[in-house]
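A quick write-up on the structure given underneath.
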Amino acid sequence: MKLSTLGYKGTRDFYPEDMRIRNYMFGTMRQVCQSFGYEEYDTPILESIDLYTAKTSEEIVNEQTYSFDDRGGRRVVMRPEMTPSVSRLVASRRQELGYPLRLFSIPNCFRYERPQRGRLREFWQLNADVFGIESIDADVEIIQLADAIMKRFGATDEMYEIRVNSRQLLKKRVNEAGIKTSANEVIRLIDMFEKLDQTAFVDKLAGHVEKPDALYGFLSSDGDSLEVKDLIMQLESRGVRGVSSPSLARGFDYYTDIVFEVFDKNPDNNRSMFGGGRYDGLVGAFGVEPVPTVGFGMGDVTLQNFLETWNLVPDKLRPATDVVVASVGDVDVSAVVQALREQGINVATDTTPRKLDKKIKSADKLGIRYIMMVGDNEVSSGTYVLRDIVDSKDITGQIDTIASILVDR
RNA sequence: GUGGCUAUAGCUCAGUUGGUUAGAGCGCCGGGUUGUGGUUCCGGAGGUCGUGGGUUCAAUUCCCAUUAGCCACCCCA
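In case it helps, our numbering puts the first sequence at residues 3 to 411.
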């Protein structure tokens with residue numbers, strides 16, 4: 003039987019050229035996070051199902067997780083998100099950790115969903131969280147961090163919008179409107195505010211609250227939360243533009259106060275790219291003293307859509323290999339290769355019996371910028387020719403000269 | 001979970017109103033140039049037409065199922 007070359011549904015293979023883009027994205031995220039004083043951590047992909055049952059949104063746990071029973075009969079879940087794991091991490095050493103604690107990670111997560119644009123079954127997600135700051139300073143910092151990452155990718159204010167809301171205020175207004183069903187159902191409906199027209203929305207709302215018109219009026223206003231206004235002001239003083247969005251709710255149940263999302267303004271995407279908020283109750287759910295927390299998750303799939311549609315992916319991403327040493331005829335190139343590698347240069351060899359033009363073509367195809375042709379003449383004279391495939395020019399010189407060019411390329 | 005579109009060579013796609021050996025461009029491999037690429041010329045390899053079943057004398061083409069991909073909804077990164 004012939005094996006299929008297709009991978010599992012909703013997952014991706016990363017060829018070197020894909021990996022370069024991924025490394026670029028993750029590298030940029032890592033740099034900016036570290037510049038804000040965030041430290042990297044990691045946790046296992048597998049977690050007990052208990053971690054999610056109470057905290058994540060119900061739909062995600064019930065219908066969107068990969069879960070199975072292990073050989074000992076324990077229910078195991080492949081993490082659908084990182085927040086419960088990092089909360090567990092902090093809770094288990096609650097006392098001995100130093101605060102404010104700033105953490106980030108770029109884990110792969112799994113959700114059993116129908117794949118489509120911006121959504122796959124395996125995705126990576128930058129998670130940045132700050133623990134131990136009660137004041138709005140933490141919310142400001144996290145949003146500023148998210149914004150800084152966007153800007154480091156070359157994004158400008160026309161490309162995305164940061165929407166901010168207070169879940170506390172939203173809950174208050176929902177309660178004032180007189181809940182007929184449940185607060186969660188109303189909030190879920192509010193999430194659809196932008197997608198429905200006014201009459202359809204108010205009609206639906208009328209089934210859930212006593213005073214739909216009052217609630218609608220609030221949702222379509224600029225919002226009147228002092229906290230949100232203060233937040234937006236502080237962001238502005240740091241050069242970050244935030245917009246009040248009273249209907250913003252976010253899907254996860256664990257958010258307690260400020261929530262935000264970053265919206266992709268490109269018509270090809272036109273969707274919420276990522277978001278986050280404050281979840282003060284999650285660490286405390288492990289039976290320790292609660293720790294105030296603000297964080298966000300930034301998915302690689304939507305981010306890559308964003309970068310591609312706005313043309314922000316650098317096209318100069320090159321392989322780590324600096325040079326190919328190509329043998330000409332029957333010659334031993336190992337000494338030359340060794341000498342270059344000792345200088346810290348990444349060297350691939352091509353000692354296949356093919357003709358030299360094929361070797362140059364192959365190096366070009368692999369994206370490797372330099373090729374060094376080594377035959378008997380070069381070895382005996384000690385003078386080598388280094389070809390820059392990109393600029394199409396040759397550099398002739400001793401091995402040290404060649405090495406110095408490659409080192410500070 | 002619901003709905004729509006799609007599946008032919010490595011890639012992008014044509015095509016067969018059901019009928020012998022299924023095509024193009026690009027890419028790939030080899031040669032013209034026994035030590036120098038991206039141009040050009042010549043030659044070559046590569047497809048059980050996604051998979052399974054049905055209708056038919058005959059299916060890549062029609063029908064059903066299934067799988068995968070894309071898109072929208074739900075939800076969300």
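Heads up, the beta-carbon is just placed ideally off N, CA and C, and yes, glycines get one too.
inquiry  = Between which two residues does the beta strand (DSSP E) holding Asn110 run?
reply    = DSSP places Asn110 in the uninterrupted beta strand (DSSP E) bounded by Asn110 to Phe112.
inquiry  = Please state whether the Cβ-Cβ distance between Val166 and Ile234 is less than 8 Å.
reply    = yes
message = If I follow the unbroken beta strand (DSSP E) through Ser274, where does it start and stop?
response = Arg273 to Arg280
query = By a C-beta neighbour count over all protein chains shown, 10 Å radius and 16 as the cutoff for buried, is Val409 buried or exposed?
reply = exposed
message = Let me check understanding here. Comparing Cα to Cα, which of Phe308, Ser168, Phe155 and Tyr386 lies closest to Asp402?
response = Ranking the options by Cα distance to Asp402, first place goes to Tyr386.
query = How would you write the range of the alpha helix (DSSP H) that Lys395 sits in, first residue to last?
reply = Boundaries around Lys395 are those of the beta strand (DSSP E), Lys395 to Gln400, since no alpha helix (DSSP H) includes it.
key: Residue range of the unbroken alpha helix (DSSP H) whose run includes Gly219   = Pro214 to Leu221
inquiry  = Taking only three categories from DSSP, how would you classify Asn177?
reply    = It is helical.
key: Endpoints, the beta strand (DSSP E) within which Thr385 is located   = Thr385 to Asp390
Pro269 versus Tyr10: straight-line alpha-carbon distance, rounded = Rounded to whole angstroms, Pro269 to Tyr10 spans 30 Å at the Cα level.
query = What is the C-beta distance between Gly241 and Phe276, in whole angstroms, given that I count them as a contact (C-beta under 8 Å)?
reply = Contact flag wrong, Cβ pair sits at about 20 Å.
request  = Spell out a yes or no on whether the segment 182-194 and the segment 292-308 are touching, meaning 3 or more CB-CB pairs, one atom from each, closer than 8 Å.
outcome  = no
key: Presumed contact (8 Å Cβ cut-off) between Thr311 and Asp282, rounded CB distance   = That belief does not hold up - the Cβ atoms of Thr311 and Asp282 are roughly 36 Å apart, past 8 Å.
Among Phe133, Glu65, Arg73 and Arg116, nearest to Leu91 - alpha-carbon criterion = Phe133
ask   = beta strand (DSSP E) containing Leu358: first to last residue?
value = Premise fails: Leu358 lies in the alpha helix (DSSP H), Leu358 to Leu368, not in any beta strand (DSSP E).
inquiry  = Measuring straight from C-alpha to C-alpha, what distance separates Arg76 and Glu115?
reply    = 23 Å
task = Just tell me which of Phe112, Phe125 and Glu49 has its CA closest to the CA of Phe16.
result = Phe125
ask   = What residue from Phe203, Arg96, Gly100 and Asn110 has the CA that sits closest to Thr13's CA?
value = Asn110
request  = Apply the 10 Å Cβ neighbour rule to Met3 and answer buried if 16 or more other Cβ atoms are within range, or exposed otherwise.
outcome  = Model confidence at Met3 stands at a pLDDT of 49, short of 50, so the residue's coordinates are unreliable and nothing is read from them.
Burial state of Arg95 (16 or more Cβ within 10 Å) = exposed
task = Can you grab the Cα-Cα spacing for the pair Gly399 / Ile407, in whole Å?
result = Distance between the alpha carbons of Gly399 and Ile407 is about 10 Å.
task = Could you have a look at Met3 and say whether DSSP puts it in helix, strand or coil?
result = Bear in mind that the predicted position of Met3 carries a pLDDT of just 49, short of 50, making it unreliable; the figure below should be weighed with that in mind. DSSP places Met3 in coil when its eight states are reduced to three.
query = Which term fits Arg169, buried or exposed, when burial requires 16 or more other beta carbons within 10 angstroms of its beta carbon?
reply = buried
task = Look up Gly299 in the DSSP assignment and give the residues it is bridged to.
result = Per DSSP, Asn129 and Gly277.
inquiry  = Distance check for Arg123 and Leu105, CA to CA, integer angstroms please.
reply    = 25 Å
query = So the beta strand (DSSP E) Gly244 belongs to, where does it begin and stop?
reply = Gly244 to Ser246
request  = Taking 8 Å as the cut-off, decide whether the C-beta atoms of Asp324 and Tyr372 are in contact.
outcome  = Result yes, Cβ atoms of Asp324 and Tyr372 sit closer than 8 Å.
message = Distance check for Asp159 and Val211, CA to CA, integer angstroms please.
response = 37 Å
request  = Return the CA-CA distance between Met27 and Asp226, expressed in angstroms with no decimal places.
outcome  = 37 Å
ask   = Should Ala322 be labelled buried (16 or more other beta-carbon atoms within 10 Å of its own) or exposed?
value = Looking at its Cβ environment, which holds fewer than 16 other Cβ atoms inside 10 Å, Ala322 is exposed.
Per DSSP, the bridge partner or partners of Phe262 = Val166 and Gly278
request  = Can you grab the Cα-Cα spacing for the pair Arg369 / Arg121, in whole Å?
outcome  = The amino acid at residue 369 is misidentified as Arg; the sequence shows Gly. Approximately 30 Å, taken between the alpha carbons.
key: Cβ-based burial, Asn307 [other Cβ within 10 Å; buried from 16]   = Buried, because 16 or more other Cβ atoms sit within 10 Å of the Cβ of Asn307.
task = Would you identify the three-state DSSP class for Leu53, choosing helix, strand or coil?
result = helix
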